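Structure record follows, encoded as structure tokens.
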């Protein structure tokens, strides 16, 4: 999934976000923002967006390596029969659910 | 036994407060997050209860998920319209109340989830069902039914939709 990086200069910012912070963290954030040559709020937004994208990725996407990709795809396309345990669990389910109706 | 039970989408009618499966995270999820995620359409939550009571005995969650692939040969890429992503369905959580454990309710919920995922795959296109095993015990549970690991230590396992199709 690709997320485009928001351009904070151009974007109209209509919503407000507030957070309380202690002075030590605030000065550290300010210092980091200065080092990157951005304003404090720009810096905070950029960092939060980056983390948000990462969290969303982790929750919804699993990234495989070369080897894992190939192994996975081969299993997916290789039509293998459900094993015995799964088959009997399924028949049991069918029997039980249908007998209730 | 299961003829007196029903599995249905979580709603306000259900009694979730007494639910205790022994894994705190899964209890808290049901009580504090499940209905919000349903409202926001992030996750679908299905619950099992006795037909004569709204007390929840077990539940599972379904959501859409993607596998990101890399460096596959062209002939395989051609079969995958969304490459490098491959759409899948995720059973993120599956839990049974302690008082009802050992009665194969987890298996019943798993089959229910597989059938539902299969039906949904017809509409949204999904190549596999992924499960998030929370620990080694649940990992064993899924492996018993043919789920495979992505990598050795991973707690995420998968079962191909083709295999589920053969089942159903």
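Chains as they are written, first to last, in the numbering used here: chain A, 1116 to 1216; chain B, 35 to 202.
Heads up, the beta-carbon is just placed ideally off N, CA and C, and yes, glycines get one too.
Note that the structure is a prediction, hence the values are computed from the model and not measured.
From the options, residue whose alpha carbon lies closest to that of residue i
i, options, result
"residue 45 of chain B", "B:72, B:51, B:57, B:39", "B:72"
"residue 120 of chain B", "A:1209, A:1162, A:1191, A:1131", "A:1191"
"residue 150 of chain B", "B:58, B:109, B:199, B:171", "B:199"
"residue 156 of chain B", "B:140, B:61, B:196", "B:196"
"residue 93 of chain B", "B:108, B:77, B:117, B:110", "B:77"
"residue 48 of chain B", "B:81, B:39, B:138, B:144", "B:81"
"residue 40 of chain B", "B:146, B:50, B:152", "B:146"
Endpoints, alpha helix (DSSP H) assigned at residue i
i, result
"residue 1190 of chain A", "1181-1192"
"residue 1196 of chain A", "From DSSP, residue 1196 of chain A is part of no alpha helix (DSSP H); its letter is neither H nor E."
"residue 59 of chain B", "58-62"
"residue 49 of chain B", "It is not in any alpha helix (DSSP H) - residue 49 of chain B carries neither H nor E in the DSSP assignment."
"residue 3 of chain B", "There is simply no residue 3 of chain B to check, as chain B begins at 35 and stops at 202 in what is shown."
"residue 111 of chain B", "108-111"
Beta strand (DSSP E) segment containing residue i, residue limits
i, result
"residue 166 of chain B", "162-166"
"residue 1158 of chain A", "Unbroken run through residue 1158 of chain A is the alpha helix (DSSP H), 1155-1175; no beta strand (DSSP E)."
"residue 1133 of chain A", "Where residue 1133 of chain A is concerned, there is no enclosing beta strand (DSSP E), given that its DSSP letter is neither H nor E."
"residue 42 of chain B", "39-43"
"residue 202 of chain B", "Counting along the chain, residue 202 of chain B falls outside any beta strand (DSSP E), and DSSP gives it neither H nor E."
"residue 80 of chain B", "78-84"
"residue 93 of chain B", "90-102"
Closer than 8 Å: residue i CB and nearest the ligand GDP heavy atom
i, result
"residue 110 of chain B", "The ligand GDP is absent from the structure shown, which contains no ligands of any kind."
Sufficient close CB pairs (3 or more, under 8 Å) joining the region 189-198 of chain B to the region 159-171 of chain B: By the criterion of at least three beta-carbon pairs nearer than 8 Å, the region 189-198 of chain B is in contact with the region 159-171 of chain B.
- request: Would you list, in chain order, the members of the region 1193-1209 of chain A that have their beta-carbon closer than 7 Å to a beta-carbon of chain B?
  value: Residues of the region 1193-1209 of chain A with a C-beta less than 7 Å from any C-beta of chain B: 1194, 1195, 1196, 1197, 1198, 1200, 1201, 1202, 1204, 1205, 1208, listed in chain order.
field: Interface positions of the region 91-107 of chain B facing chain A (Cβ-Cβ less than 7 Å), listed along the chain
entry: The region 91-107 of chain B vs chain A, Cβ under 7 Å: 99, 100, 101, 102, 103, 104, 105, 106.
- prompt: Can you list, in chain order, the stretches of the alpha helix (DSSP H) that have 4 or more residues and sit fully within the region 122-200 of chain B?
  reply: Runs of the alpha helix (DSSP H) inside the region 122-200 of chain B: 139-158, 170-178.
query: Going along the region 1176-1189 of chain A in order, which residues come within less than 8 Å of chain B, judged by CB to CB distance?
result: Contacts with chain B (Cβ-Cβ distance below 8 Å) from the region 1176-1189 of chain A involve 1176, 1177, 1178, 1179, 1180, 1181, 1183, 1184, 1185, 1187, 1188, listed in chain order.
message: Any C-beta of chain B within less than 8 Å: which residues of the region 1144-1174 of chain A qualify?
response: If the cut-off is 8 Å between Cβ atoms, the region 1144-1174 of chain A has nothing near chain B.
- request: Check distances from the C-beta atoms of the region 128-150 of chain B to those of chain A and list, in chain order, the residues that come in under 9 Å.
  value: Listed by position, the residues of the region 128-150 of chain B near chain A (Cβ gap below 9 Å) are 138, 141, 142, 144, 145, 146, 148, 149.
message: Across the region 114-129 of chain B and the region 53-71 of chain B, are there enough close Cβ pairs to call them in contact, namely three or more that are closer than 8 Å?
response: Put simply, the region 114-129 of chain B touches the region 53-71 of chain B. At least three CB pairs are less than 8 Å apart.
task: With 7 Å as the C-beta to C-beta threshold (strictly closer), list the residues of the region 155-189 of chain B near chain A in chain order.
output: Listed by position, the residues of the region 155-189 of chain B near chain A (Cβ gap below 7 Å) are 161, 162, 178, 179, 180, 182, 184, 185.
query: Does the region 170-177 of chain B touch the region 1170-1179 of chain A, meaning 3 or more C-beta pairs lie closer than 8 Å?
result: At 8 Å Cβ cutoff, the stretches do not touch.
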